[in-house]
Amino acid sequence: MSTLLPSSVMQGMSPDLASFLGNMQAQFMSLQQRTNELESLAATNARLTAQLVNAEKLIADLRSQLASQGNCQITTNASTSSAPTTPKEPGTEASTWATTAAAAHNSVVVPTALSVCKTPRPPSVRQVAASARMFAIPTGLKGYQYVYIPRSRRLTHREVRNSLKTLGVDTGRILDINFPAKDVVGILVHNQYAEKFQTTLTTVAIEILDAFDPLDPKNIADPKYKSLSDSELEEVAAELHSDRCMKALKYLRPHVAVPVGHFFCDQGWISKEDIPVHSVSGPGAGIHDFQSPSRRTSPRAIYDVLQHCHSLHMLFITETWLLPPSRLPTSWSQIHLYGSPVAGNYRGSMGVSVLISPSCPYPVTQIPMSSNYALAIKIGSLRIVCLYLPPSMSTHDALAVLSSIPLTNDTIICGDFNSRLGSLTGDYVVFQCRCYNYDIKS
Numbered sequence: 002m003s004t005l006l007p008s009s010v011m012q013g014m015s016p017d018l019a020s021f022l023g024n025m026q027a028q029f030m031s032l033q034q035r036t037n038e039l040e041s042l043a044a045t046n047a048r049l050t051a052q053l054v055n056a057e058k059l060i061a062d063l064r065s066q067l068a069s070q071g072n073c074q075i076t077t078n079a080s081t082s083s084a085p086t087t088p089k090e091p092g093t094e095a096s097t098w099a100t101t102a103a104a105a106h107n108s109v110v111v112p113t114a115l116s117v118c119k120t121p122r123p124p125s126v127r128q129v130a131a132s133a134r135m136f137a138i139p140t141g142l143k144g145y146q147y148v149y150i151p152r153s154r155r156l157t158h159r160e161v162r163n164s165l166k167t168l169g170v171d172t173g174r175i176l177d178i179n180f181p182a183k184d185v186v187g188i189l190v191h192n193q194y195a196e197k198f199q200t201t202l203t204t205v206a207i208e209i210l211d212a213f214d215p216l217d218p219k220n221i222a223d224p225k226y227k228s229l230s231d232s233e234l235e236e237v238a239a240e241l242h243s244d245r246c247m248k249a250l251k252y253l254r255p256h257v258a259v260p261v262g263h264f265f266c267d268q269g270w271i272s273k274e275d276i277p278v279h280s281v282s283g284p285g286a287g288i289h290d291f292q293s294p295s296r297r298t299s300p301r302a303i304y305d306v307l308q309h310c311h312s313l314h315m316l317f318i319t320e321t322w323l324l325p326p327s328r329l330p331t332s333w334s335q336i337h338l339y340g341s342p343v344a345g346n347y348r349g350s351m352g353v354s355v356l357i358s359p360s361c362p363y364p365v366t367q368i369p370m371s372s373n374y375a376l377a378i379k380i381g382s383l384r385i386v387c388l389y390l391p392p393s394m395s396t397h398d399a400l401a402v403l404s405s406i407p408l409t410n411d412t413i414i415c416g417d418f419n420s421r422l423g424s425l426t427g428d429y430v431v432f433q434c435r436c437y438n439y440d441i442k443s
């Protein structure tokens, strides 16, 4: 705003008069500025008041619509009411706690909250991408891989997932997390996500342990294995890693467990028998639905058995379910009568194996047999024939197998005959292969 009087007029006045008019001029300009601000605030207040009225009207309309549709219950405040009390006779009914309990029982509480129907949240970008992948033609890299990174302390699976999510990792693409060594974390991802995953980690200066080997015996930190030899430690390392893989398969979704199981098998970490047979879904599906058909010949089972066989030179196993060229995870020498393939499954049926201890002082050789149910070996001067006769085999066929065995004075016949001994032992379960007598003559 311009001055009230020209400067030439102000110069012709006395100093006192000029000072007085200057002060008046400053006060006037200050009042003018405040007036402009008040006018602006009044306009803003009027605008907001109009918006508030419109909002209240909209809220009232929405409440009436919800109430008319019956989707929500609108309640008002109400005080609690209780039934009139009558004088109580002295005794239990006259106690303070009895009166309090009765008042609480008779009171009626009316809810005061307005229950508002929740609107469904829109799907996230990750959910949309996951749904779109279901209908996309598979392209790019196939298969899976473990990415190993260091850790500075003991971590839980939840801590690892939360930390990776904070770093920007899509945790929905992480299939498994394990801890193969005391200072290492292993993370299983699909090959198509591996590059992006590693780039995200290296961006925040996290080292990728490309040279880490989960089968290295140096990863074993349990002191109970200190007394084992190098070869035995290698077996334990392979066994522990196989157990980690089996645990991962239990918690994967059915449609993912099968291909991941094949990846583990291709790496030599598990056997074909450990691959989930099929995908199971439905209300009854659980982690046990994805266990391998048989864990009898798993690395853990073999290791546990041999731990109690230090004094033995030889061990026969029936129903191994092995198919060629599979072998058992042990340093003991092995001879196998492989089983028959089972249609639609990644395993065999039947099968007999013999394990020979490295400390066995006698030479062991296999004796050819025409039967698919008998494994024969020669140890020293003895001949040992181990049989597995399935429960479905008829008595006639079982006797035919026994009759085909060449008998000598030094022949030992053993195995699983699946024969029922009936009243002799109180066993009355009936198989086709019933109790039979077979005379062994020299």
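The numbering used here runs 1 ahead of the 1-based position in the sequence shown. Note that CB positions come from ideal geometry on N, CA and C, so glycine has one too. Just so we're clear, the structure is a prediction, and the values are computed from it rather than from any experiment.
For the options 320, 193 and 350, the alpha carbon positioned closest to that of residue 134 is the one of 193. Looking at the DSSP output, residue 151 sits in a beta bridge with 185. Annotation for residue 371: 405 place their beta carbon closer than 8 Å to its own, counting only its chain and skipping 5 residues before and after. Sequence-distant partners of residue 210 (beyond 5 residues in either direction) whose C-beta falls short of 8 Å from its own C-beta, in its chain, are 149, 150, 151 and 185. Here the alpha carbon of residue 124 sits roughly 15 Å from the alpha carbon of residue 171.
Contact between residue 357 and residue 386 does not hold, since the beta-carbon distance rounds to 16 Å and is not under 8 Å. In chain order, 149 and 185 place their CB closer than 7 Å to the CB of residue 213, counting only its own chain and leaving out the 5 sequence neighbours on each side. Residue 342 is bridged by DSSP to 349. Remark: three or more beta-carbon pairs, one from each stretch, lie closer than 8 Å, so the stretch 172–180 and the stretch 241–253 are flagged as touching.
In this structure, the straight-line span from the alpha carbon of residue 182 to that of residue 339 is close to 36 Å. Under DSSP, residue 415 forms a beta bridge with 387. Distance from the CA of residue 256 to the CA of residue 322, rounded to the nearest whole angstrom, comes to 25 Å. Under the criterion of beta carbons closer than 8 Å, residue 352 and residue 342 do not qualify as touching, at roughly 11 Å. The beta carbon of residue 168 is closer than 6 Å to those of 205 in its chain, skipping five residues each way along the sequence. Comparing alpha-carbon positions, the option among 142, 155, 23 and 388 lying closest to residue 317 turns out to be 388.
Per DSSP, the continuous alpha helix (DSSP H) segment holding residue 203 begins and ends at 192–204. In the three-state DSSP reduction, residue 420 falls in the coil class, being neither helix nor strand.
With respect to the 9 Å criterion, residue 246 and residue 314 are not classified as neighbours on the basis of their beta carbons.
For the alpha helix (DSSP H) assignment, the uninterrupted runs of no fewer than 4 residues enclosed by the stretch 353–408 are, from N- to C-terminal side, 396–404. Counted as a single uninterrupted DSSP element, the beta strand (DSSP E) harbouring residue 316 occupies residues 315–319. Here the C-alpha atom of residue 160 lies approximately 55 Å from the C-alpha atom of residue 394. Between residue 368 and the set 336, 36 and 63, the nearest pair of CA atoms involves 336.
Between the beta-carbon of residue 146 and that of residue 195 there is about 6 Å, and that keeps the pair under the 8 Å contact cut. Proximity to residue 419 across 408, 396 and 272 peaks at 396, based on C-alpha coordinates. Only residues of its own chain outside the window of five on either side were considered, and among them 181, 215, 216 and 270 have a CB closer than 8 Å to the CB of residue 242, listed in chain order. The three-state secondary structure of residue 276, taken from DSSP, is coil. Counting along the chain, residue 263 sits inside the alpha helix (DSSP H) bounded by residues 255–267. Boundaries of the alpha helix (DSSP H) around residue 60: 16–70.
Excluding its 5 nearest sequence neighbours in each direction, residue 187 has C-beta neighbours in its own chain below 6 Å: 147, 149, 179 and 181, listed in chain order. Its chain contains 363 and 364 as the residues whose beta carbon lies nearer than 8 Å to that of residue 381, once the 5 sequence neighbours on both sides are disregarded; these appear in chain order.
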